[in-house]
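A short worksheet on the structure shown next.
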Amino acid sequence: PGTTEVTVKQCYKNSESIPVEAVYTFPLPMDAVLLDMHVLLGGRVLAGKILPKEEAEDSYEDAIADGDKAIMLEKLSSGLYTMNVGNLMPGDDCVISYRFTSLNRWNGDTLRFSLPTTIAPRFGDPAASGLASHQEPEYSLEEDRGLSITVHVMDELANADITCPSHSCKIGKHGANSRVALQNETIAMDRDFVLNIETKAGTNSSARIVPDQDGWLVHTSFCPRIEGGVERQPRAVKLVLDCSGSMSGDSIAQGREALLRIIGSLAPGDYFSLLRFGSHHEYVFGGNGVLCVTDATKVMAKARVQMLDADMGGTQIASAIEAALRTDGPADIPADIFLITDGNVWDHETSVKAARKSRHRIFTVGVGSAVTESYVRGLAQETGGACELVSPHEDMANRVHRHFLRMSAPRCEDMQVHWETTPTRAFPDKTGAVYDGDTVHLFHWFDTAPSNDVVIELKLANGQVMSSKIPLREAEAQGDTSDTAHDIARIAAASVIRNGVDANAGQKLALSYQLMSEWTNYLVIDQSDNDQSDQPLPELRKIRSPIAAGWGGTGSM
């Protein structure tokens with residue numbers, strides 16, 4: 003239950019009478035680790051290689067100038083990639099297959115698998131995320147590209163309760179596994195494909211050991227059950243709602259529903275405020291401070307929430323968060339921020355920097371059909387909060403209510419892993435706050451393989467100590483691994499890179515494990531037997547993205 007593997011095929015065809023270079027910017031899960039890429043061209047299968055970014059770019063341009071066909075995949079930022087398919091001749095077909103894996107993230111008994119299919123329009127300057135002009139997404143309401151998808155749910159998850167809130171699907175048994183297929187052959191690429199896999203197995207933790215270079219690596223996927231309540235203490239909650247234009251339609255309706263449920267959960271003695279934002283921000287109630295919860299203030303707040311709409315223009319989210327951080331509250335009651343947004347902004351780092359400096363935890367709810375997960379999840383992780391994603395047609399009220407209760411629930415403040423053999427290194431070296439039902443991924447490296455089970459000790463914020471034991475098992479072999487490391491080892495290396503390393507160390511690690519990164523690209527070149535340099539250079543064609551369902555009030559049905 004620790005990882006999910008996905009194979010994607012992108013099909014390109016040049017229907018024009020001239021050579022073209024197709025450029026397609028698309029999303030993947032924020033923690034996706036690309037494992038390999040192959041190109042089917044003219045009946046031949048071509049393999050590629052990870053190269054240093056500048057070398058890959060120069061080789062790609064030289065190949066195009068020489069009249070050769072070339073395909074280059076580039077990672078732009080967390081969850082965004084661009085595929086360049088150069089020198090497609092008139093009538094040429096090209097099928098690009100790539101395989102990626104990602105770490106499973108359980109939420110209690112439910113595993114949520116989400117495959118993004120489009121990039122919703124974002125506010126701000128794409129250059130803030132490192133995009134060149136030819137990589138910036140363009141949109142069209144007439145875009146009718148289709149997606150077909152089949153999911154195989156295997157091993158101990160095969161008997162789980164599987165639902166698909168995003169699309170109409172057929173779900174049934176296929177041998178020992180469960181199979182999920184679309185009701186229709188293809189679907190529009192206008193929303194994330196979401197599966198919820200719910201199991202009553204009791205524990206979804208696992209620990210697997212694999213060889214890695216000259217030693218061994220253990221990957222532990224730990225889903226703690228942090229039991230016991232805490233004495234009810236007054237809380238101060240600063241509610242922040244995105245009312246920008248991108249939230250109109252499904253997203254703002256979800257936002258209002260979430261706020262009403264949260265306000266209903268507040269008790270006398272709590273404090274709260276509500277700030278909404280778009281091109282500017284304003285307090286819906288509470289002024290520059292928080293209000294004390296009473297029956298009267300809750301009635302007033304609910305009435306005002308019912309009138310909120312996505313009518314505030316752009317998404318100046320950084321200034322809104324800074325204003326919420328400055329909102330006055332009782333000095334003796336810790337304050338948290340509860341942010342509801344689709345996260346569709348280009349400039350992520352400004353608000354994350356402000357959040358890092360504050361002592362507020364930020365709990366985020368990502369709403370809509372194409373949430374920018376890297377933003378809403380990253381903001382929560384940086385502040386010791388937690389993130390919940392809710393797409394249209396999911397049980398919004400219960401999901402948000404459970405998420406809201408995390409603010410006062412027992413949480414782990416310190417985690418220790420005990421081994422009979424001392425590991426040579428560990429990642430992460432320190433975990434942040436962990437809540438009941440969360441998933442924590444741990445990597446430990448050893449010179450000699452450990453033989454004991456993984457023993458994890460949790461120290462809760464209230465001083466309570468809990469201990470868990472996870473059986474250690476050998477991971478499945480992957481056939482010929484002479485050229486590349488085991489997938490789990492590559493996931494570990496990618497996790498280290500994402501956490502932040504300098505350019506030299508990052509590029510070295512990415513090349514050693516053949517990983518996409520900000521310093522490496524994936525390159526495939528099909529060299530022609532004949533000199534094609536006298537051919538005209540291909541004309542650039544940006545592949546447009548469909549508008550996300552529900553975006554700007556278009557509706558998600």
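At position 353 of the sequence shown (counting the first as 1) the number is 355 in my numbering, and the numbers step up by one without a gap.
Positions of the beta carbon are idealized from the N, C-alpha and C atoms, including for glycine.
Environment of residue i [buried if 16+ CB atoms lie within 10 Å]
{"i": "V307", "result": "buried"}
{"i": "Q318", "result": "buried"}
{"i": "M156", "result": "exposed"}
{"i": "H136", "result": "exposed"}
{"i": "A49", "result": "exposed"}
{"i": "V168", "result": "The question names Val, but residue 168 in the sequence shown is Ser. Buried, by the Cβ-count rule."}
{"i": "S150", "result": "exposed"}
{"i": "T424", "result": "exposed"}
{"i": "T222", "result": "buried"}
{"i": "N464", "result": "exposed"}
{"i": "D440", "result": "buried"}
{"i": "S19", "result": "exposed"}
{"i": "C96", "result": "buried"}
{"i": "A65", "result": "buried"}
{"i": "S131", "result": "buried"}
{"i": "A305", "result": "exposed"}
{"i": "G4", "result": "buried"}
{"i": "D127", "result": "exposed"}
In DSSP terms, what residue i is bridged to
{"i": "H283", "result": "F279"}
{"i": "I342", "result": "L243, V367"}
{"i": "Y524", "result": "I52, L75"}
{"i": "P29", "result": "L82"}
{"i": "Y141", "result": "S547"}
{"i": "D64", "result": "Bridge partners of D64: none, in fact."}
{"i": "I472", "result": "V456"}
{"i": "Y437", "result": "R413"}
{"i": "L149", "result": "I189"}
{"i": "D38", "result": "R101"}
{"i": "H154", "result": "R181"}
{"i": "V419", "result": "I458"}
{"i": "Y14", "result": "C96"}
{"i": "W447", "result": "L219, R427"}
{"i": "A337", "result": "A238"}
Nearest residue (CA-CA) to residue i, options the options
{"i": "F28", "options": "S547, L48, F445", "result": "S547"}
{"i": "K300", "options": "A312, G291, R263, S321", "result": "R263"}
{"i": "Q185", "options": "G174, V286, D485, P540", "result": "G174"}
{"i": "A67", "options": "R543, G552, S530", "result": "S530"}
{"i": "K55", "options": "L517, K544, P540", "result": "L517"}
{"i": "A435", "options": "L53, A382, R427, S376", "result": "A382"}
{"i": "D449", "options": "Y515, D440, R427", "result": "R427"}
{"i": "T201", "options": "E229, N161, G217, N179", "result": "N161"}
{"i": "C166", "options": "E375, D244, F115", "result": "F115"}
{"i": "Q509", "options": "T6, E57, V47", "result": "E57"}
{"i": "G88", "options": "A72, S80, G81, V97", "result": "A72"}
{"i": "G380", "options": "N400, L90, A356, A491", "result": "A356"}
{"i": "A512", "options": "Q537, G291, T486", "result": "T486"}
{"i": "V354", "options": "A337, G386, I472, D334", "result": "G386"}
{"i": "E324", "options": "A411, D38, H283", "result": "H283"}
Distance, residue j Cα to residue i Cα
{"i": "G476", "j": "M85", "result": "The residue you asked about is not Gly; residue 476 is Glu in the sequence shown. Distance between the alpha carbons of E476 and M85: 36 Å."}
{"i": "L261", "j": "G316", "result": "21 Å"}
{"i": "R408", "j": "I458", "result": "22 Å"}
{"i": "N454", "j": "W348", "result": "46 Å"}
{"i": "E390", "j": "V8", "result": "22 Å"}
{"i": "P118", "j": "F195", "result": "6 Å"}
{"i": "E541", "j": "E63", "result": "13 Å"}
{"i": "D214", "j": "L36", "result": "18 Å"}
{"i": "L569", "j": "G331", "result": "Summary: the structure shown does not reach residue 569, with the chain confined to residues 3 through 559, and so no result is reported for it."}
{"i": "V369", "j": "S393", "result": "6 Å"}
{"i": "Q108", "j": "R404", "result": "Residue 108 is actually Trp in this sequence, not Gln. So the alpha carbons of these two residues sit roughly 14 Å apart."}
{"i": "R258", "j": "L310", "result": "7 Å"}
{"i": "D438", "j": "M398", "result": "20 Å"}
{"i": "L474", "j": "G502", "result": "29 Å"}
{"i": "V212", "j": "L113", "result": "24 Å"}
{"i": "E415", "j": "N206", "result": "21 Å"}
{"i": "D504", "j": "R328", "result": "33 Å"}
{"i": "S267", "j": "K15", "result": "54 Å"}
{"i": "C171", "j": "R193", "result": "15 Å"}
{"i": "M32", "j": "A372", "result": "13 Å"}
{"i": "E23", "j": "A551", "result": "28 Å"}
Short CB-CB distance (under 8 Å) between residue i and chain C
{"i": "F287", "result": "This model lacks chain C altogether, as it is built from one protein chain only."}
- Query: Considering only residues of the stretch 170-238, which uninterrupted alpha helix (DSSP H) runs meet the minimum length of 4 residues and lie entirely inside it, listed in chain order?
  - Reply: none
- For the stretch 359-405, list the alpha helix (DSSP H) runs that are entirely contained and at least 4 residues long, ordered along the chain. Entirely contained in the stretch 359-405, the alpha helix (DSSP H) runs reaching 4 residues are, in chain order, 375-385.
- Item | Ordered list of alpha helix (DSSP H) runs contained in the stretch 261-332, each at least 4 residues | 297-308, 319-328
- Inside the stretch 84-133 only - beta strand (DSSP E) runs reaching at least 3 residues: 95-105, 112-117
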